[in-house]
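2 protein chains.
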Amino acid sequence: MNAACHERYDLQARVLNALGHPIRLAIVEQLRGGERCVCDLAERIGAERSNVSRHLALMRRVGVLGTRREGLQVFYRLRTPCVLGLLDCATEAIRSAIDADSRALAGGEAG
Amino acid sequence: MNAACHERYDLQARVLNALGHPIRLAIVEQLRGGERCVCDLAERIGAERSNVSRHLALMRRVGVLGTRREGLQVFYRLRTPCVLGLLDCATEAIRSAIDADSRALAGGEAG
DNA sequence: TGTTAGTGTGAGTATATAATCACATTACAA
DNA sequence: TTGTAATGTGATTATATACTCACACTAACA
Numbered sequence: 002m003n004a005a006c007h008e009r010y011d012l013q014a015r016v017l018n019a020l021g022h023p024i025r026l027a028i029v030e031q032l033r034g035g036e037r038c039v040c041d042l043a044e045r046i047g048a049e050r051s052n053v054s055r056h057l058a059l060m061r062r063v064g065v066l067g068t069r070r071e072g073l074q075v076f077y078r079l080r081t082p083c084v085l086g087l088l089d090c091a092t093e094a095i096r097s098a099i100d101a102d103s104r105a106l107a108g109g110e111a112g
Numbered sequence: 002m003n004a005a006c007h008e009r010y011d012l013q014a015r016v017l018n019a020l021g022h023p024i025r026l027a028i029v030e031q032l033r034g035g036e037r038c039v040c041d042l043a044e045r046i047g048a049e050r051s052n053v054s055r056h057l058a059l060m061r062r063v064g065v066l067g068t069r070r071e072g073l074q075v076f077y078r079l080r081t082p083c084v085l086g087l088l089d090c091a092t093e094a095i096r097s098a099i100d101a102d103s104r105a106l107a108g109g110e111a112g
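Residue numbers (this note's numbering), protein chains in the order written: chain H, 2 to 112; chain F, 2 to 112.
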């Protein structure tokens, strides 16, 4: 628990929190297929434009998303495919936890 | 953006948030080597016992951690190694973002 | 039974995050 | 220059999270 660890944990926490919101996950999922503008994302997800804009800004600040301006529109994109890998890991962790639950229920193991 | 997606995003978000805190990341890192009791974790991390206990309870609720009682002590453990993979993904995403920054600074690309 | 150690939790406070509205900003086009 | 569309942001409110303190609970043991 030295200073370097502390800083690493802060960084990791920032990235994880940047993804830890249903709307932001929906955004990332939409960006899986390539860049999209704010308007487009808001409509696909079914959320307020300004709200989506805020979530996008947050992920951009953290470094998860990048932007490109084209006329009136601003296109957002994933800066690295690693993020998708991270989400896959989350899904896998969920499945593992559920499996562990089943085993615990069947075999009487501790939670 | 149907109901199933919504639910999946909620689940993913819960897992990501369960890990998105410096103290909780420190805990998980300590548990990499095997189960540990609350007291031990609190001392190693340098945080209040009650606070650590709360963080542990949170991760337990989400399904990331499991427990085992032995006398007075309660030992916490990772329920699945997937979680470590998730953290590695986060680290990789951070490195990628930093690399993208460097490239953007050098080549003048958009953020 | 009383004491002690390890853990969990209610209550209160502080802080952070989220959502919404109204409006500012930016870029384009008539 | 005036108008319009897409986006960003200040201000407000609501909600969630984090931390601390005090105390309750549980298991062991004298």
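Built from N, CA and C at the ideal position, the CB exists for glycine as well.
- Only exposed fits Arg33(F), as fewer than 16 other CB atoms lie within 10 angstroms of its CB.
- Cα atoms of Glu49(H) and Ala43(H): separation of roughly 6 Å, rounded to the nearest angstrom.
- For a Cβ distance threshold of 7 Å, nothing in chain H lies close to Arg104(F): the least Cβ distance comes to about 10 Å.
- Interface criterion not met: the Cβ of Ala43(F) is under 8 Å from no Cβ in chain H.
- Here the C-alpha atom of Ile95(H) lies approximately 37 Å from the C-alpha atom of Arg70(H).
- Buried is the label assigned to Leu87(H), since at least 16 other Cβ atoms lie within 10 Å of its Cβ.
- For Val75(F), the secondary structure class from DSSP, reduced to helix, strand or coil, is strand.
- Contact note: Arg80(F) reaches chain H through Ser97, Ala98 and Ala101, using a C-beta cutoff of 8 Å and chain order.
- With a threshold of 16 other beta carbon atoms within 10 Å, Arg25(F) meets it and is buried.
- Listed as beta-bridge partners of Cys38(F) by DSSP are Phe76(F).
- For the segment 83–94 of chain H, residues whose beta-carbon sits nearer than 9 Å to a beta-carbon of chain F comprise Cys83, Val84, Gly86, Leu87, Leu88, Asp89, Cys90, Ala91, Thr92, Glu93 and Ala94.
- Under the 10 Å beta carbon count, Gln74(H) is surrounded by fewer than 16 other beta carbons and is classified as exposed.
- Counting C-beta pairs with one atom in each stretch, the segment 76–83 of chain H and the segment 53–68 of chain H have three or more that are closer than 8 Å, which means they touch.
- The continuous stretches of alpha helix (DSSP H) do not include Ala48(F), and DSSP gives it neither H nor E.
- For Val16(H), the chain F residues whose C-beta falls within less than 7 Å of its own C-beta are Ala91, Ala94 and Ile95, listed in chain order.
- Counted as a single uninterrupted DSSP element, the alpha helix (DSSP H) harbouring Asn18(F) occupies residues Ala4 to Leu20.
- Put simply, of Ala91(F), Phe76(F) and Ala19(F) the residue whose alpha carbon is nearest the alpha carbon of His56(F) is Ala19(F).
- Straight-line measurement puts the Cα of Arg15(H) at about 7 Å from the Cα of Gly21(F).
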